[in-house]
Amino acid sequence: MADKVIAKTDLRKWLAGMAADHDVIAPIGREAGPATWKDINGTQDIDITANQMVMAAKEFLLPVHDVLFRFHTRKGEERLEVPDLTNKSTVMIGLRLCDVRAISVLDAVYYNQGPFRDAYYAARRDKLALVAAVCDDPRWSCFCTTVGDLKEWKLGADVLITDLGDKIYVQPVTEKGEGLLQGDFFSSPSEDDVRKKSEVWANLLALPKRPFAGKDISKIVSWDDPVWEEQARKCIGCGICTFMCPTCSCFDIQDETTGSVIERYRCRDTCQFSDFTMMGAGHNPRPEKKMRVRQRVLHKFKYQVEQFDLIGCTGCGRCVESCPVNIDIRGIVSHIAAEPL
Amino acid sequence: MANEIEARIRAEAKKLLESSEVTLVIGWEAGSVPFKTSPAFIESPEDVERLVWNPACTNNLAVYLTEVAKRARVGIVVKPCDSRSIVTLVQEKQISRENVTIIGVTCPGIVDDTALKKAGVRLIDVLAVDWNGDSFNVTTGSGKSSVLTLDAVKEGCRTCAHRAPVISDVSLGEMPDANPLPVEPMEGSFSERREYWANEFERCIRCYACRQICPACYCTKCFADRNDLKWTNKHVGISDNWMWHMGRAMHLAGRCIGCGECERACPMDLPMMKLNREFARHVEELFGYTPGMDPEELPVLGQFNYDDKDPNGH
Ligand code: SF4
Ligand code: SF4
Ligand code: SF4
Ligand code: SF4
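These protein sequence lines are chains A and B, in that order. Using this note's numbering, you'd call the opening residue of the first sequence number 1 and step up by one each time. Using this note's numbering, you'd call the opening residue of the second sequence number 1001 and step up by one each time.
The following block contains the structure:
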């Protein structure tokens, strides 16, 4: 598979080309709030390498309102309607490497589950190609290099793109990815292009690691560490950390009736809400906030490590930036590792 | 000036804890990055050194009182807006005045990360944010320091007309020289405003952080969480989002003191203060009432006068 370059002025042509037989979605900024994944119809200008806050890729893979089925109850017309899962193939362009990693974590939960593979997730995932941008301007909250190996994470993408100023360096990673690089606007990279691309990579890999890097939190963490209570006092239980997190994927299932149609859908839920674990008969196995604070951290740094052999946190920093009381997961994990932040 | 006040906050907190007048003092401590602070729960006199006072002390700490001040007497450090939240809580009998010892500080305005970003500051470079009289010094990595004026304050502070706490047991700081911007009525016709808000509400992901951060949102079971009587569905979409925001607005009219914490907390950056200011303006015009000023006064929704104006003219 050969690397290529494309002039930024030709980016639109490439997007339009892909849009002929794919939905092409990219982070689109709004007047306010994080950028969101939208179909760009091949025509819109996109700023794929911008250092902006972007909603996690779960916005597409696990939509906030995911219809499972509808039941029509009008007399004589009763029927079950299952959504059409044979959707068009989709290209997500403008993911970061942490977003690619997050999809690997979601895959572990929803896809690599043998007979329990989730049909709704799989329908989207099977036809999804990931075009990831190599970050050249990390945000203040980023700590990807602390929790993982970016050279391994990049293998989860189909195409990698690196901003070289007036051009974009394009590297196919998989055959699916190579198939996306059609058009005479691609050319072979010059030696200078290769050097520049390697520089961006080297800068990214040189992102300072936090001292807790490499420590196996799953083995050293204490269930009774006073840190849980300390953080719980501050925590207001808003759940933003999990709503924004690219790997948090807990859901609720709701029924809603409109006229004669009953709709069953899946929507977000979070372990930070006190009714998350509330049983029908009123028992709540996680009644205290400290248990919920602990759950979020341990799910990522212990349970998913034990279950899937991967850290469920990608170091994307979304929770770090968004928590309104400055609960910083990097601080909690540093404390557990007995290291400074 | 700020450091002097910080020292006095620590001294007052120490006195309260040493005399056992309180078992807990709630204040702010340094955050994980220089442009943030975090709520601090101080229980021993040695720990008062953790307390800080700087332009990043944004959290309205009164949100914690309904939980802790029911059980014991606590000390709390407040800005003027936060002090008005305490008044509201006392008026509404959520806490009793005797259970809180209030260390009040005057405030020229707060600088949160949104305000810094708007002022063009690269957050990753920030080393410190300090007060400089009534303006702000932002020191960045290159050793440069830039002065931001009061225009750069957090959204809620721009129109704040109360720069000294309205209730306190110890009051610190001098009256700042700050001119609040006037509150203008919301622009546009009814249908333009409806379109504007539909567009804003559409972004809401219904995490309810705006509710969780708000000291006035203390209901043990929010209408939005009820499933025995469903006021809203969990469906994230314009109809249910609208229901949530109207419910929130109606429940806070005449009670919201405009600290701006809901807007700051919102991960989708909904302009909540626009709505809050609008209903505050209505309440002021109709009933001549400003929330959170006097603990002895009845809350506007808790009183009825025969000459109350009916907004619909009936
Ligand atoms: S826990 Fe926080 S930093 Fe880690 S992946 Fe989730 S949002 Fe990102
Ligand atoms: S965002 Fe912060 S305050 Fe909200 S639930 Fe998460 S840790 Fe708690
Ligand atoms: S904090 Fe923002 S996104 Fe969350 S419920 Fe409130 S308005 Fe919606
Ligand atoms: S509604 Fe918002 S501005 Fe008003 S008191 Fe609550 S958090 Fe503060």
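From the three backbone atoms N, C-alpha and C, an ideal C-beta is built for every residue, glycine too.
Any C-beta of chain B under 8 Å from that of residue i
i, result
"LEU341/A", "yes"
"TYR265/A", "yes"
"GLU152/A", "no"
"ASN326/A", "yes"
"GLU256/A", "yes"
"ASP234/A", "As written in the sequence, residue 234/A is Lys, which differs from the Asp given in the question. At least one chain B Cβ lies under 8 Å of LYS234/A."
"ALA32/A", "yes"
"TRP140/A", "yes"
"CYS238/A", "yes"
"HIS65/A", "yes"
"ASP39/A", "no"
"GLY331/A", "yes"
"ASP252/A", "yes"
Helix, strand or coil at residue i according to DSSP, with G and I counted as helix
i, result
"PHE1223/B", "helix"
"TYR120/A", "helix"
"ARG101/A", "helix"
"ASP1113/B", "helix"
"THR146/A", "helix"
"VAL1147/B", "strand"
"GLU1043/B", "coil"
"MET92/A", "strand"
"HIS72/A", "strand"
"ILE6/A", "strand"
"MET1001/B", "Legend: pLDDT at MET1001/B = 48, less than 50; position of this residue unreliable, no value from coordinates given."
"GLY312/A", "coil"
"SER1135/B", "strand"
Contact set between residue i and chain A, taken where Cβ atoms lie within less than 8 Å
i, result
"PRO1034/B", "Within 8 Å Cβ-Cβ: nothing; PRO1034/B doesn't reach chain A, min ~10 Å."
"ARG1264/B", "PRO324"
"ASP1225/B", "ASP275"
"GLY1031/B", "ASN326 and ASP328"
Proximity test, residue i beta-carbon vs ligand 2 heavy atom, cut-off 7 Å
i, result
"THR240/A", "Per the sequence shown, residue 240/A should be read as Ile rather than Thr. Within the cutoff, so yes."
"GLN1303/B", "no"
"VAL325/A", "yes"
"ARG141/A", "The residue you asked about is not Arg; residue 141/A is Ser in the sequence shown. It does not: the Cβ of SER141/A is nowhere closer than 7 Å to a heavy atom of ligand 2."
"GLN272/A", "yes"
Residue i CB to nearest heavy atom of ligand 3 below 7 Å
i, result
"CYS1081/B", "no"
"ILE1005/B", "no"
Amino acids of chain B, ordered along the chain, whose beta-carbon sits closer than 7 Å to that of residue i
i, result
"TRP228/A", "Going along chain B, no residue has its Cβ under 7 Å from TRP228/A, so there is no contact; the nearest lies around 14 Å."
"ARG286/A", "The contacting residues do not exist; ARG286/A stays about 16 Å from chain B at best."
Cβ-heavy atom distance, residue i to ligand 4, below 7 Å
i, result
"PRO1299/B", "no"
"CYS1157/B", "no"
"ALA1216/B", "yes"
Where the alpha helix (DSSP H) through residue i begins and ends
i, result
"HIS1282/B", "1272 to 1287"
"GLY239/A", "Neither: GLY239/A is in no alpha helix (DSSP H) and is coded neither H nor E."
"PRO1080/B", "1080 to 1091"
"HIS1251/B", "1238 to 1252"
"TYR1218/B", "Segment: none, TYR1218/B is in no alpha helix (DSSP H) and carries neither H nor E."
"PHE212/A", "Here PHE212/A belongs to no alpha helix (DSSP H), and DSSP marks it neither H nor E."
"PHE1190/B", "1190 to 1202"
"GLY17/A", "11 to 19"
Proximal chain B residues relative to residue i, where beta-carbon distance stays under 8 Å
i, result
"SER322/A", "PRO1267"
"PHE243/A", "ILE1205, CYS1207 and PRO1267"
"ASP21/A", "By Cβ distance, chain B contributes nothing, its closest Cβ being about 30 Å from ASP21/A, past 8 Å."
heavy atom of ligand 1 below 7 Å from residue i C-beta
i, result
"LYS300/A", "yes"
"CYS319/A", "yes"
"MET18/A", "no"
CB contact check: residue i to chain A, cutoff 8 Å
i, result
"ASN1233/B", "yes"
"GLN1212/B", "yes"
"ILE1124/B", "yes"
"ASN1059/B", "yes"
"VAL1300/B", "no"
"VAL1063/B", "yes"
"GLY1156/B", "no"
"GLY1120/B", "no"
For residue i, the first and last residue of its enclosing beta strand (DSSP E)
i, result
"CYS267/A", "261 to 268"
"SER1171/B", "1170 to 1172"
"GLU230/A", "Segment 227 to 234 is the alpha helix (DSSP H) holding GLU230/A; no beta strand (DSSP E) there."
"LYS38/A", "36 to 39"
Chain-ordered chain A contacts of residue i [CB-CB under 7 Å]
i, result
"PRO1039/B", "LYS234 and VAL325"
"GLY1075/B", "Under the 7 Å cutoff, chain A gives no residues; its nearest Cβ is about 15 Å from GLY1075/B."
"VAL1236/B", "VAL64, HIS65 and CYS267"
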